[in-house]
Structure formats: structure tokens, C-alpha cells
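**Student:**
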Ligand code: PHE
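In this note's numbering, the protein residues as written are 26 to 369.
1) Please confirm whether residue 336 has its beta-carbon closer than 9 Å to some beta-carbon of chain D.
2) Flag this pair as touching only if the stretch 129-139 and the stretch 168-188 have three or more C-beta atom pairs under 8 Å; answer yes or no.
3) Which of the three DSSP states, helix, strand or coil, is assigned to residue 36?
4) Relative to the alpha-carbon of residue 33, which residue among 249, 108 and 69 has its alpha-carbon at the smallest distance?
5) For the alpha helix (DSSP H) containing residue 313, list its first residue and its last residue.
6) Opposite residue 150 in the DSSP bridges: which residues?
7) Curious, which full-length alpha helix (DSSP H) runs of at least 4 residues does the stretch 79-148 contain?
8) Strictly by DSSP, which residues pair up with residue 218?
9) Tell whether a beta-carbon distance below 9 Å holds between residue 271 and residue 285.
10) Quick one: what's residue 282 bridged to in DSSP?
11) What three-state label does DSSP hand residue 26 in the structure shown?
12) Skipping 5 residues on each side, what residues in its chain have a beta carbon closer than 6 Å to that of residue 170?
13) If you count every other CB in all the chains shown that lies within 10 Å of the CB of residue 150, and 16 or more means buried, which is it?
14) Check the DSSP bridge columns for residue 257 and list the partner residues they point to.
15) Going by C-alpha to C-alpha distance, which of 343, 227, 321 and 260 sits closest to residue 4?
16) Among the residues of its own chain, which have a CB less than 6 Å from the CB of residue 281, if the five just before and after it don't count?
17) Along the chain, where does the alpha helix (DSSP H) containing residue 161 start, and where does it finish?
18) What does the alpha-carbon distance come out to for the pair residue 102 and residue 78?
19) What would DSSP say about residue 186, mapped onto helix, strand or coil?
20) Alpha carbons only, please: which of 248, 289, 247 and 243 is nearest the one belonging to residue 263?
21) In terms of residue numbering, what span does the alpha helix (DSSP H) encompassing residue 367 cover?
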């Protein structure tokens with residue numbers, strides 16, 4: 026009995042799907058045969074199926090099958106009438122009415138680049154980690170080897186909430202949080218928002234996105250750092266992108282480097298290029314080997330393990346990819362700006 030009911034339900038669904046596709050007499054006839062043909066029609070088969078049921082089940086089954094048959098017949102009649110009605114042959118919409126504009130959104134360019142960055146690192150076997158946007162002094166500075174007098178702690182660039190809490194000024198505190206939680210080997214990136222006490226101008230924003238990266242394992246060297254970042258930058262831009270490493274300083278990496286790429290706008294060929302200011306180079310990341318003191322702060326033995334870290338600004342990367350002259354455009358929420366970057 027249950028099988029019969031299921032069969033009927035299945036056939037009813039199929040019929041309901043097929044009916045709207047009947048646009049001419051031939052299709053109608055085909056549908057009619059499929060269900061009502063005396064030899065192999067679905068209904069004939071249902072009546073066959075009924076024969077095998079116990080006598081006491083037959084009346085109920087008969088009702089089910091008959092009501093389905095009535096449904097099919099009345100639907101076929103309705104389709105027949107519709108096919109004959111004039112509305113099918115003439116347009117049912119008033120083509121002289123003005124159209125309605127449809128408004129659609131678009132992925133934000135910063136999100137597009139963030140996802141592209143994530144995809145490249147996922148391919149290299151990195152995990153994606155998360156961390157809080159409000160941090161303690163310990164995670165944002167102390168554990169990262171910033172001495173108390175370090176200029177980066179100055180209120181000029183940090184938004185303090187109270188004596189101990191602040192809006193993180195970089196994503197590097199996530200390095201500490203991940204190393205506290207996980208044992209090496211670690212290969213992670215962390216995309217997230219960071220905050221600085223800045224007045225917005227073409228190259229500064231008080232809130233922006235960074236992507237942090239951290240690799241910790243036995244025998245990690247500067248060659249791994251270089252190879253990983255070169256692979257990443259080639260995948261993000263193109264194979265023949267020029268890359269250079271310059272010595273730099275961060276309290277939590279030693280040695281440290283800043284990484285530049287050849288200007289994506291003028292290719293180093295224009296003295297008055299607005300993006301690279303004629304230098305031919307764009308600074309794209311900070312990086313370095315994890316300072317042994319940072320490992321000690323999270324109880325990882327620097328004699329056994331080594332690692333590298335890097336951090337990049339996502340808006341800057343998007344600026345270079347899409348050749349956007351002013352960072353403030355990203356957060357003005359003008360749909361005309363945002364819609365330009367996705368391939369729709
Ligand atoms: N956190 C640094 C910044 O905000 C970037 C960085 C990350 C440098 C990791 C080295 C290693 O500028």
C-alpha cells in the first residue's frame with residue numbers, strides 16, 4: 026500500500042513538472058499518452074499494481090488511484106483549454122511599459138583580493154586562523170617583543186580602550202595566539218581587520234585589512250620565506266613580476282625584510298607615476314624569521330624550531346591589483362565604484 030502511495034506521489038510530482046512545459050498540441054498528446062494510454066500508461070500500471078494487494082486494502086487503494094486519475098484528467102483538460110485560449114498566441118505583457126531597473130550588489134574589491142590570497146595559501150597547505158580585533162597589550166605588543174618604550178606603543182597610532190585593552194594595530198598577535206594553542210608544525214594565515222589612529226588620506230586609513238602568515242617547523246630557513254613569498258606574489262600578480270627583499274626591522278622578527286614588487290602600474294618606466302612615485306617599486310609586505318625571544322614567550326624551544334612570519338595590507342594589494350589611486354574609495358560605499366571589479 027505504501028509503495029503504491031509513493032508511486033502516486035512520484036508520478037504526481039513528475040506530472041506537475043511536465044505540465045508547464047506543454048506548449049503545443051503534440052506535447053499535450055504525448056503527456057496524455059504517458060499517463061492515460063491503455064497499454065502502457067502510468068495509470069494502467071497503477072491499476073495493475075493494485076491487483077496484487079490484499080482484498081481489504083483494495084477499496085482505499087482504488088480511491089487513491091482514482092483520485093489521481095481525476096487529477097490527471099482535469100489537468101490535461103485545463104492544458105487543452107489554455108492551448109486554445111488567445112492569451113497563448115499573443116503577448117501577455119505590455120511591451121510599451123518602461124522597464125524596471127534591477128539593483129544588484131557586487132563583491133567588494135577588498136574581499137575579492139582577500140579570497141584570492143586565501144586560495145593561494147590554501148593551495149600551499151596553510152590553514153586559516155582567526156583572532157580577536159580587541160587585544161590586550163600583552164598580545165599586541167609585549168609577547169611580540171616590543172619593549173615598553175617602543176614608539177609603536179605611542180597613542181599616536183594605537184586606539185586604546187583602557188590601560189590594557191586596545192584595538193589591535195596589526196594581525197601579528199594572532200601568531201602568539203596560534204603558537205600558544207598549537208604545537209609545530211604550524212603553517213597558517215590570518216586575514217583580519219586592524220586599527221590605527223590615523224586620519225584618512227589617499228594612503229592611510231584608520232581601519233584596514235591585513236593578512237598575517239606564520240610557518241614554524243624544524244629547520245625552516247630564510248630560503249623557505251623567500252620561496253614561499255615569491256611563489257605567492259607570482260600567483261597573485263604574474264610570473265614575471267619583479268620582486269626585491271630589503272633589510273628592515275620588526276621587534277618580533279630577526280632578520281627582517283620588507284618586500285617590494287615592480288610597479289604594477291608603470292612597470293618602472295614612468296618618472297611621474299602616481300602609484301610608485303617614479304621609484305618603480307611598491308612596498309607590499311613585511312616579513313622575517315621569528316625572533317627567538319618570541320618563541321620563548323610561547324614556550325617553543327628556539328633551539329629546536331625556527332620559523333618565518335609575514336604581514337601584508339590587503340587594501341594596498343587591491344590598490345596595486347586594480348590600480349586604484351586613493352584608499353578612501355574602498356570605504357565610501359559607492360556602488361558605482363564597487364561594481365567595477367567583479368567579472369559579472
Ligand atoms: N605586523 C607588521 C606590520 O603591521 C608586519 C609584519 C608581520 C612584519 C609579520 C613581519 C612579520 O607592519
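Glycine included, every Cβ here is placed at the ideal spot set by N, Cα and C.
**Tutor:** Judging by the given coordinates:
1) Considering every chain present, this structure includes no chain D. It has just one protein chain.
2) no
3) Note: residue 36 maps to helix in three-state DSSP.
4) 69
5) Careful: residue 313 lies outside any alpha helix (DSSP H), inside the beta strand (DSSP E) at 306-315.
6) In the DSSP output, where bridge partners are listed per residue, residue 150 has none listed.
7) 83-109 and 134-148
8) 234
9) yes
10) 272 and 312
11) coil
12) 276, 277, 316, 318 and 319
13) Exposed, by the Cβ-count rule.
14) Per DSSP, none; premise fails for residue 257.
15) The first residue shown for the chain is 26 and the last is 369, placing residue 4 beyond what the model contains.
16) 273, 274, 275 and 313
17) From DSSP, residue 161 is part of no alpha helix (DSSP H) but of the beta strand (DSSP E) over 159-161.
18) 31 Å
19) coil
20) 289
21) From DSSP, residue 367 is part of no alpha helix (DSSP H); its letter is neither H nor E.
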